[in-house]
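*Asks:* With the working numbering as the guide, the letters of the sequence shown map in order to residues 222 to 601.
All residues carry an ideal CB built from backbone N, CA and C; glycine is no exception.
My structure is below; once you've seen it, I'll send some questions.
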Amino acid sequence: MICSEMTRRYTILGLVGDGIAGEIVPEAMKVLRAVEKAYGLDLEVLGPYDFGAKYWVDHDMKQGWDPAVTEGLFREVDGIFKGPVGLPDLLRKLPGPNLPINMRMDLDLYANIRPCRLRPGVDSVLVGRKPGDIDYIVLRENSEHMYVGIGGYLSRGGVTELAIDDYVQTRKGCERIIRKAFEMAKTGEYKGRAGAPLDGKKRVTCTAKWGICKGDGLFKDIYHEVAEDYPDIEQDTTWIDSWSYYAIMRPNFYDVAVMPNQYGDIMSDMSGAIQGSMGLAGSLNAGDDHCFAEPTHGSAPDIAGKMISNPTSMILSVGMMLNWMGNKHGDRRLKEAWSGIDSAIDRVLGAKKVRTPDLKGNNSTSEFGSAVADEVRKGG
Ligand code: IPM
Ligand code: MG
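Structure representation (structure tokens):
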């Protein structure tokens, strides 16, 4: 058993993306190579391949992924990471399903894990908050709600007169994400430490708009059902509009906040600001059998090509992927590799020597990536 763990080769698929993806993905690769050596891993990386919106348009991939790719490669690899995808001027040229949404649905990646942690050496936009004060997870349901892609247009005489989107919540979809929230609160996974910074209590906040939206009512009902299985974890329910207020006013109260898809999309960007920069916002799309890592933010075409983007989000996302693989295969080295990346990021940020312009520094994307890779090699 130990022998097979020591010799197991993991295959990871890397996809680049658009805009700053071409700058931040190579930095994540640097760190992946450093971690491979430091933790005695054997990681075979396919790519990273060019696969953004530009690629889709250039290759006329109107119908989305070739099923041979999703059925084959995507399912066969142990983990996938991808840079941000999308360019505003190409949006109308992409009639097929949106790239990350497509992958989330095809691989049934129902959980989108988006940590919000104020790290050492970083200033929050919230006055007076110190590192350690903010450490919560936005757990975004990733396969339902406004993202199911059901709906359409009514056109008469060539004029679009009506657009309909259906928003869907199912018992299965609610139950599995809410259960995951409680399990994550139990272990403190992907956080600096388990529990809420304010009082150390393990707490799952359920947030949506019940009483108005029926699906959100189902979400809350199922939250209470699932919560009965976790008597040691504190329950907390807040409407999503209130949560956007409270997350700013008392971020230290939160531990794991679970919410339907659309709200998670919005609240994870707000949490990017709360933790000091979108460039620090890592995320993982996770299912039971597959995962793919990608930053919370977009391709940032406004700053692309200048090598000023912060690669932390991409590096953390790749680290989270390793942790997910470690859980799946019971391989502790992969979990240690994630901790190694997480703490190396803290040390580089905390030292305040090497930092990108979003954090008021003068270093380039690759100087920052190299500093993290060096710290990974040093360990600690
Ligand atoms: C995200 C992004 C995507 C989403 C876009 C690119 C479709 O904003 O991952 O948060 O809405 O989920
Ligand atoms: Mg988003």
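Examine the ligand MG and report whether any of its heavy atoms sits within less than 7 angstroms of the Cβ of residue 239.
*Replies:* Translated into the one-based positions of the sequence shown, residue 239 becomes position 18. Because no heavy atom of the ligand MG lies under 7 angstroms away, the Cβ of residue 239 does not count as near it: no.
*Asks:* From what residue to what residue does the alpha helix (DSSP H) around residue 531 run?
*Replies:* Here the question's residue 531 lines up with position 310 in the sequence shown. Counting along the chain, residue 531 falls outside any alpha helix (DSSP H), and DSSP gives it neither H nor E.
*Asks:* Straight-line CA distance for residue 399 to residue 378?
*Replies:* Mapped onto the sequence shown, residue 399 falls at position 178. Mapped onto the sequence shown, residue 378 falls at position 157. In a straight line, the C-alpha of residue 399 is about 46 angstroms away from that of residue 378.
*Asks:* Classify residue 470 as buried or exposed, calling it buried when 16 or more other Cβ atoms lie within 10 Å of its own Cβ.
*Replies:* Position 249 of the sequence shown, counted from the first residue, corresponds to residue 470. The residue in question, residue 470, is exposed, as its Cβ has fewer than 16 Cβ neighbours within 10 Å.
*Asks:* Is residue 490 closer than 8 angstroms to residue 416 when the C-beta atoms are compared?
*Replies:* What you label residue 416 is simply residue 195 of the sequence shown in a count that begins at 1. What you label residue 490 is simply residue 269 of the sequence shown in a count that begins at 1. The answer is no: Cβ separation not under 8 angstroms.
*Asks:* How would you write the range of the alpha helix (DSSP H) that residue 403 sits in, first residue to last?
*Replies:* Along the sequence shown, read from residue 1 onward, the residue named residue 403 stands at position 182. Counting along the chain, the alpha helix (DSSP H) containing residue 403 begins and ends at 392-408.
*Asks:* Would you mind stating whether residue 252 and residue 562 have Cβ atoms separated by less than 8 angstroms?
*Replies:* For the purposes of this step, residue 252 is taken as the residue at position 31 of the sequence shown. For the purposes of this step, residue 562 is taken as the residue at position 341 of the sequence shown. It is a contact, given that the beta carbons lie within the stated cut-off.
*Asks:* If I follow the unbroken beta strand (DSSP E) through residue 456, where does it start and stop?
*Replies:* Numbered from 1 along the sequence shown, position 235 holds the residue referred to as residue 456. From DSSP, the beta strand (DSSP E) with residue 456 extends over 455-460.
*Asks:* With 16 other CB atoms within 10 Å as the buried threshold, where does residue 223 fall?
*Replies:* Along the sequence shown, one-based indexing puts residue 223 at 2. Because the pLDDT at residue 223 is just 49, under 50, the model does not fix this residue reliably, and the value given afterwards should be weighed accordingly. Residue 223 comes out exposed.
*Asks:* Tell me which residue opens and which closes the beta strand (DSSP E) that residue 376 is part of.
*Replies:* Walking along the sequence shown from the start, residue 376 turns up at place 155. It spans 372-377 - the beta strand (DSSP E) in which residue 376 sits, taken as one unbroken run.
*Asks:* Would you identify the three-state DSSP class for residue 366, choosing helix, strand or coil?
*Replies:* As a position in the sequence shown, residue 366 is number 145, starting the count at 1. Strand, per DSSP.
*Asks:* Taking residue 558 and residue 256 to be in contact with their CB atoms under 8 angstroms, please state how far apart those CB atoms are, rounded to whole angstroms.
*Replies:* Your numbering for residue 558 matches position 337 in the sequence shown. Your numbering for residue 256 matches position 35 in the sequence shown. Correct: roughly 5 angstroms between the Cβ atoms.
*Asks:* Suppose the cutoff is 6 angstroms on Cβ atoms and the five residues either side in sequence are ignored; what does the same chain contact list for residue 336 look like?
*Replies:* Position 115 of the sequence shown, counting from 1, holds the residue named residue 336. These residues qualify, in order along the chain: 358 and 411.
*Asks:* What I want to know is whether the C-beta of residue 364 ends up closer than 7 angstroms to one or more non-hydrogen atoms of the ligand MG.
*Replies:* Position 143 of the sequence shown, counted from the start, is the residue given in the question as residue 364. Result no, Cβ not under 7 angstroms from the ligand MG.
*Asks:* Just tell me which of 392, 484 and 370 has its CA closest to the CA of residue 385.
*Replies:* Here residue 385 refers to the residue found at position 164 when the sequence shown is read from its first residue. Checking every option, the nearest Cα to that of residue 385 belongs to 370.
*Asks:* Considering only the beta carbon of each residue, do residue 235 and residue 270 sit closer than 8 angstroms?
*Replies:* Indexing the sequence shown from 1 puts residue 235 at position 14. Indexing the sequence shown from 1 puts residue 270 at position 49. Cβ distance < 8 angstroms, so residue 235 and residue 270 count as in contact.
*Asks:* Sort 484, 468 and 405 by Cα distance to residue 436 and report the nearest one.
*Replies:* Numbered from 1 along the sequence shown, position 215 holds the residue referred to as residue 436. When only C-alpha atoms are compared, the closest one is 484.
*Asks:* Residue 442: buried (16+ other C-beta within 10 angstroms of its C-beta) or exposed?
*Replies:* Position 221 of the sequence shown, counted from the start, is the residue given in the question as residue 442. It counts as exposed.
*Asks:* Mapping the DSSP letters down to three states, classify residue 327 as helix, strand or coil.
*Replies:* Counting from 1 along the sequence shown, the entry for residue 327 is found at position 106. Reduced to three states, the DSSP call for residue 327 is helix.
*Asks:* For residue 486, is the beta carbon positioned less than 7 angstroms from some heavy atom of the ligand IPM?
*Replies:* Start at 1 with the first residue of the sequence shown, and residue 486 comes out as number 265. Yes, the Cβ of residue 486 comes within 7 angstroms of a heavy atom of the ligand IPM.
*Asks:* Rounded C-beta distance between residue 364 and residue 326? I'm assuming under 8 angstroms.
*Replies:* For the purposes of this step, residue 364 is taken as residue 143 along the sequence shown, with counting starting at 1. For the purposes of this step, residue 326 is taken as residue 105 along the sequence shown, with counting starting at 1. About 6 angstroms separates the two Cβ atoms, so the contact holds.
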